[in-house]
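Protein chains in written order, with our numbering: chain A, 4 to 333; chain B, 286 to 613. Just below is one structure, and these are the notes that go with it.
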Amino acid sequence: MFATPAAPARLWLRRHGWTAGVWLLLVVLVAWYATLIPKFGSFQVTSIAKNSLPIVFLSIGQAVVVIGGGIDLGVGGMLIMTNAAAAQLMDGQSLGVVLLIAVGVLAATALLNGLVGWIINVSKVPDIVVTLATGFIYSGFALMILPSPGGGTAGGFRYLFTGSDSGIGTNFWPAVVMVTLPTALVAQWLIRTRTGLSIYATGSDRNASFLSGVRTFRAKVVAYAVGGAFAALAGLATTALTGSGDPRFSIGANAMLNSVAAIVLGGIALTGGIGSVVGAVAAAIILFTLNPILTAIGFDPNTSQVIKGGLIVAVMMVAGLLELRRRRRE
Amino acid sequence: MTAAAAARPESRRVAARFVADHPLLVLGTVLAVLVAITGVVERDYLSFDGLRNTVLFAAPLGIIAAGQTILMLTAGIDLSVAMIATGAAYVAGNQSPNGALVAILLGLTVGLAAGAANGIGVGVFRVNPLIMTLAMSSILVGLFTSWAFTILRGSTAVTDFIRAMGGGAFWDNRIPWSALVWAGVAALVIVGLRATGLGRMLYAIGDNPVAVRLAGVRAWQVLLAAYVLSGLFAALGGILLAGKAGAVDLQLAANFLLPSVAAAVIGGTSIFGGVGTYSGTVFGALILGVLNSLLTFLDAGQAVQQVVYGVIVLGLAWLYSWVTSLEE
Numbered sequence: 004m005f006a007t008p009a010a011p012a013r014l015w016l017r018r019h020g021w022t023a024g025v026w027l028l029l030v031v032l033v034a035w036y037a038t039l040i041p042k043f044g045s046f047q048v049t050s051i052a053k054n055s056l057p058i059v060f061l062s063i064g065q066a067v068v069v070i071g072g073g074i075d076l077g078v079g080g081m082l083i084m085t086n087a088a089a090a091q092l093m094d095g096q097s098l099g100v101v102l103l104i105a106v107g108v109l110a111a112t113a114l115l116n117g118l119v120g121w122i123i124n125v126s127k128v129p130d131i132v133v134t135l136a137t138g139f140i141y142s143g144f145a146l147m148i149l150p151s152p153g154g155g156t157a158g159g160f161r162y163l164f165t166g167s168d169s170g171i172g173t174n175f176w177p178a179v180v181m182v183t184l185p186t187a188l189v190a191q192w193l194i195r196t197r198t199g200l201s202i203y204a205t206g207s208d209r210n211a212s213f214l215s216g217v218r219t220f221r222a223k224v225v226a227y228a229v230g231g232a233f234a235a236l237a238g239l240a241t242t243a244l245t246g247s248g249d250p251r252f253s254i255g256a257n258a259m260l261n262s263v264a265a266i267v268l269g270g271i272a273l274t275g276g277i278g279s280v281v282g283a284v285a286a287a288i289i290l291f292t293l294n295p296i297l298t299a300i301g302f303d304p305n306t307s308q309v310i311k312g313g314l315i316v317a318v319m320m321v322a323g324l325l326e327l328r329r330r331r332r333e
Numbered sequence: 286m287t288a289a290a291a292a293r294p295e296s297r298r299v300a301a302r303f304v305a306d307h308p309l310l311v312l313g314t315v316l317a318v319l320v321a322i323t324g325v326v327e328r329d330y331l332s333f334d335g336l337r338n339t340v341l342f343a344a345p346l347g348i349i350a351a352g353q354t355i356l357m358l359t360a361g362i363d364l365s366v367a368m369i370a371t372g373a374a375y376v377a378g379n380q381s382p383n384g385a386l387v388a389i390l391l392g393l394t395v396g397l398a399a400g401a402a403n404g405i406g407v408g409v410f411r412v413n414p415l416i417m418t419l420a421m422s423s424i425l426v427g428l429f430t431s432w433a434f435t436i437l438r439g440s441t442a443v444t445d446f447i448r449a450m451g452g453g454a455f456w457d458n459r460i461p462w463s464a465l466v467w468a469g470v471a472a473l474v475i476v477g478l479r480a481t482g483l484g485r486m487l488y489a490i491g492d493n494p495v496a497v498r499l500a501g502v503r504a505w506q507v508l509l510a511a512y513v514l515s516g517l518f519a520a521l522g523g524i525l526l527a528g529k530a531g532a533v534d535l536q537l538a539a540n541f542l543l544p545s546v547a548a549a550v551i552g553g554t555s556i557f558g559g560v561g562t563y564s565g566t567v568f569g570a571l572i573l574g575v576l577n578s579l580l581t582f583l584d585a586g587q588a589v590q591q592v593v594y595g596v597i598v599l600g601l602a603w604l605y606s607w608v609t610s611l612e613e
């Protein structure tokens, strides 16, 4: 069967078909959006790129954790906590200090979420339960750090994520680089390095990996640490986008839902070990882009939310049916 | 010395086995200790008046957690319970001018419909329960936010009957009516899980779905029933909450999602399915109820409450998994 000439192409399609499909869908959606509005230019590209940054970062982090066989329901709490902390600390500081704070926040959250991975390993409590609890703890910390919306950041820091000091503009390069660079780095890290592959192996079959000498304990801790750092990066991006901090619980909960939806739509199996960060990123951008599209068609935000939820379910139903048919045939 | 060294692990093992065999004893002890601590913090707590507030909080939580327990037994989860409860409460509040019966029945319909949709998604189309119920939650938020300004505009206060059911008490204002409702639900669920075919099938599906399918069970029907039940319980819990609050809004049950999962987890139900009881969940809900009272007495702000909640849930889950691992 594998000897037929068509096999490599078919193999590629089977391996990367979903990822390619999601990217194709993104291109189609953006093209459709371009025809829906009177003028589509660099302002719209900038808007899509920068506003999808938080969900993109959150999805990259969630993707790494889920590929490693876990799930992090605490990413939303992490996002609002780092958003609150960054806005509180960065207010009125110079760019140099702000960047130092950003690096400090990333390192601290990586350690903190690595500790969560350690707790999951040692306690043998399911990932869902531990991270639901840590998500609550993080949201509590967010409220302690910043009891009500406020704070600020440096203009240069906003430029880094949005392409302008005021957060509004037509320079899309910084935001596009912020999407592509981390995606490419993490994707390569996952499939090229020993640690990255050990995360895939651990997620695929923990016992088999352990017995073949993979350091599964370490893989899980690293996956959670990277996941936490990316959730923090999402929080920093939110700070840069809005220029302030907002510790509301619902923001975190909503962001968490979107990150899980994005990775599943992006072709990552919740059972672990399957899928790629690249697909998840495309799905994340799609989830954001649906908002302006549905608005352009004339739906109000509430109806848009219903349609988005319905679309997620519909896609998952179709995927479920395809999977069922494939299994019946084999 | 050698004898002592040999005896200690042995006695420890026996103790661990005893604890693992009687999980309700551990939970009861934790509950008693928490009640005692709360009693020390606030003298008035150890009275019908003080304890009543705990039960008024624990009853809706316990009822919502009943659905969660049933689903966790099937290795599923329902992250839409908070929104189903809120939606049901909102409908009940809106329909209150038409009488209590209509209000309650229409409120329960919300749970029925959302639960059935979840069940079809998970049971028939094999959508991951996490995704299905998260998406359902988001759909319900959208629907009810827009309905609040259109077809559900009007009354947001609930009728006296629901108010009495959710917040009132009988026998000289000592025992809340909602405790009675909860007792009914508890009896139904405990007996149902133990003694009915559906109940046993819920455990079986969570334990080994392939074996259940090969044995000829139509798993999708069992899952559909489970999700419908979860929706109905969430709706009932939401209506009780509306009665307790007296009025409804779209944030009514928002804070009940984590506690509903936590109550089941503290009670020893495994999120991987096949293991757990509702009596454990009842204790879990009561423990969280006492904790809620304690934090209120300590005048802790919402931030501290969230942190303490998370830490306690994590700690108890850890303790539980440690105790059960000792047995092996």
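The beta-carbon is built from N, C-alpha and C at its ideal position, and this holds for glycine as well.
Chain A contact for residue i (CB, 8 Å cutoff)
{"i": "Ile460(B)", "result": "no"}
{"i": "Ala588(B)", "result": "yes"}
{"i": "Gln506(B)", "result": "no"}
{"i": "Thr287(B)", "result": "Confidence in Thr287(B) is poor, its pLDDT being 48 and thus under 50, which makes the residue's placement too unreliable to answer from."}
{"i": "Leu537(B)", "result": "no"}
{"i": "Trp226(B)", "result": "Residue 226(B) lies beyond the stretch modelled for chain B, which goes from 286 to 613, so this question has no answer here."}
{"i": "Ala301(B)", "result": "no"}
{"i": "Ala360(B)", "result": "no"}
{"i": "Ser381(B)", "result": "no"}
{"i": "Ala290(B)", "result": "Confidence at Ala290(B) is low in this model, with a pLDDT of 48, below 50, so its placement is unreliable and the value that follows should be read with caution. Not an interface residue."}
Boundaries of the alpha helix (DSSP H) in which residue i is found, first to last residue
{"i": "Ile475(B)", "result": "Trp462 to Ala480"}
{"i": "Lys11(A)", "result": "One point to set straight first is that residue 11(A) is Pro, not Lys, in the sequence displayed. Where Pro11(A) is concerned, the enclosing alpha helix (DSSP H) stretches over Ala10 to Leu39."}
{"i": "Val376(B)", "result": "Val366 to Asn379"}
{"i": "Trp505(B)", "result": "Ala504 to Ala530"}
{"i": "Val495(B)", "result": "Pro494 to Leu499"}
{"i": "Phe296(A)", "result": "The sequence as given places Ile at residue 296(A); Phe does not occur at that position. Ile296(A) -> alpha helix (DSSP H) spans Val280 to Ile300."}
{"i": "Ile424(B)", "result": "Pro414 to Trp432"}
{"i": "Glu326(A)", "result": "Pro304 to Arg332"}
{"i": "Ala272(A)", "result": "It is not in any alpha helix (DSSP H) - Ala272(A) carries neither H nor E in the DSSP assignment."}
{"i": "Lys53(A)", "result": "Ser45 to Asn54"}
Neighbour flag for residue i against chain B, beta carbons, 8 Å
{"i": "Ser212(A)", "result": "no"}
{"i": "Met319(A)", "result": "yes"}
{"i": "Ser142(A)", "result": "yes"}
{"i": "Thr298(A)", "result": "no"}
{"i": "Met4(A)", "result": "For Met4(A), the pLDDT reaches just 44, beneath the cut-off of 50, and the residue's location in the model is therefore unreliable, although a value from the coordinates is still provided. Not closer than 8 Å to any Cβ of chain B, the Cβ of Met4(A) fails to qualify, so no."}
{"i": "Ala90(A)", "result": "no"}
{"i": "Val69(A)", "result": "no"}
{"i": "Val78(A)", "result": "no"}
{"i": "Lys334(A)", "result": "This structure gives no information on residue 334(A), because the portion of chain A shown stretches from 4 to 333."}
{"i": "Ile315(A)", "result": "yes"}
{"i": "Leu82(A)", "result": "no"}
{"i": "Gly323(A)", "result": "yes"}
Nearest-angstrom Cβ-Cβ length linking residue i and residue j, presumed shorter than 8 Å
{"i": "Leu356(B)", "j": "Ser564(B)", "result": "Not really, about 17 Å apart at Cβ, beyond 8 Å."}
{"i": "Gly120(A)", "j": "Ala228(A)", "result": "7 Å"}
{"i": "Val267(A)", "j": "Asn413(B)", "result": "7 Å"}
{"i": "Gly408(B)", "j": "Leu483(B)", "result": "No, Gly408(B) and Leu483(B) are not in contact; Cβ-Cβ is about 13 Å, not under 8 Å."}
{"i": "Ala110(A)", "j": "Phe164(A)", "result": "About 19 Å separates the two Cβ atoms, so there is no contact after all."}
{"i": "Ile63(A)", "j": "Ile254(A)", "result": "So it is not a contact: roughly 19 Å between Cβ atoms."}
{"i": "Ile58(A)", "j": "Ala265(A)", "result": "6 Å"}
Heavy atom of the ligand MN within 7 Å of residue i beta-carbon
{"i": "Gly255(A)", "result": "With respect to the ligand MN, the structure shown offers nothing to examine, as it has no ligands at all."}
Would you be able to state if there are at least three C-beta pairs under 8 Å between the stretch 124-138 of chain A and the stretch 598-610 of chain B? They touch, by the three-pair rule.
Under 8 Å (Cβ pairs) to chain A, residues found in the stretch 401-432 of chain B: Within the stretch 401-432 of chain B, the residues whose Cβ lies closer than 8 Å to some Cβ of chain A are Gly406, Phe410, Arg411, Val412, Asn413, Leu415, Ile416, Met417, Leu419, Ala420, Met421, Ser422, Ser423, Ile424, Val426, Gly427, Leu428, Thr430 and Ser431, listed in chain order.
Should the stretch 383-403 of chain B be regarded as contacting the stretch 544-554 of chain B, the criterion being three or more beta carbon pairs within less than 8 Å? No, they do not touch.
Count the C-beta pairs between the stretch 242-251 of chain A and the stretch 145-159 of chain A that are closer than 8 Å, then say yes if the count reaches three, no if not. Touching, per the Cβ criterion.
Are the stretch 355-373 of chain B and the stretch 420-434 of chain B touching, with three or more C-beta to C-beta distances below 8 Å? Contact check between the stretch 355-373 of chain B and the stretch 420-434 of chain B: three or more CB pairs, one atom from each, fall below 8 Å, which counts as touching.
Contact residues within the stretch 111-145 of chain A, judged by C-beta distance below 7 Å to chain B: From the stretch 111-145 of chain A, only Ser126, Lys127, Val128, Pro129, Ile131, Val132, Val133, Leu135, Ala136, Thr137, Phe139, Ile140, Ser142, Gly143 and Phe144 have a Cβ closer than 7 Å to chain B.
Give me the subset of the stretch 572-596 of chain B whose CB atoms are less than 9 Å from a CB atom of chain A, sorted by chain position. Cβ contacts with chain A: Gly586, Gln587, Ala588, Val589, Gln590, Gln591, Val592, Val593, Tyr594, Gly595 and Val596.
Taking any Cβ of chain A, which residues in the stretch 518-548 of chain B have a Cβ under 8 Å from it, in chain order? Across the stretch 518-548 of chain B, CB contacts with chain A closer than 8 Å involve Ala539, Leu543, Val546 and Ala547, in sequence order along the chain.
Report the residues of the stretch 17-30 of chain A with a CB closer than 8 Å to any CB of chain B, ordered along the chain. Look at the stretch 17-30 of chain A: it has no residue with a C-beta under 8 Å from a C-beta of chain B.
The stretch 281-305 of chain A: positions lying closer than 9 Å to chain B by Cβ: Within the stretch 281-305 of chain A, the residues whose Cβ lies closer than 9 Å to some Cβ of chain B are Asp303, Pro304 and Asn305, listed in chain order.
Give the residues from the stretch 259-270 of chain A that approach chain B closer than 8 Å (Cβ to any Cβ), ordered along the chain. Answer set for the stretch 259-270 of chain A: Leu260, Val263, Ala264 and Val267.
Below 8 Å, can you find three or more Cβ-Cβ pairs linking the stretch 453-472 of chain B to the stretch 340-351 of chain B? These segments touch.
The stretch 531-542 of chain B / the stretch 433-448 of chain B touching (three or more Cβ pairs under 8 Å): Result yes; three or more Cβ-Cβ pairs closer than 8 Å.
For the stretch 141-174 of chain A, enumerate the residues whose C-beta is nearer than 7 Å to any C-beta of chain B, in chain order. Listed in chain order, the positions of the stretch 141-174 of chain A with a beta carbon within less than 7 Å of a beta carbon of chain B are Ser142, Gly143, Phe144, Leu146 and Met147.
Could you list the residues in the stretch 546-566 of chain B with a C-beta less than 9 Å from some C-beta on chain A, going in chain order? Taking 9 Å as the Cβ-Cβ cut-off against chain A, the residues of the stretch 546-566 of chain B that qualify are Val546, Ala547, Val550, Ser555, Ile556 and Phe557.
Mind checking the stretch 595-609 of chain B against chain A and listing, in chain order, the residues whose C-beta falls within less than 7 Å of any C-beta there? From the stretch 595-609 of chain B, only Gly595, Val596, Val598, Leu599, Ala602, Trp603 and Ser606 have a Cβ closer than 7 Å to chain A.
Between the stretch 85-96 of chain A and the stretch 138-152 of chain A, are three or more C-beta pairs nearer than 8 Å? The stretch 85-96 of chain A is in contact with the stretch 138-152 of chain A.
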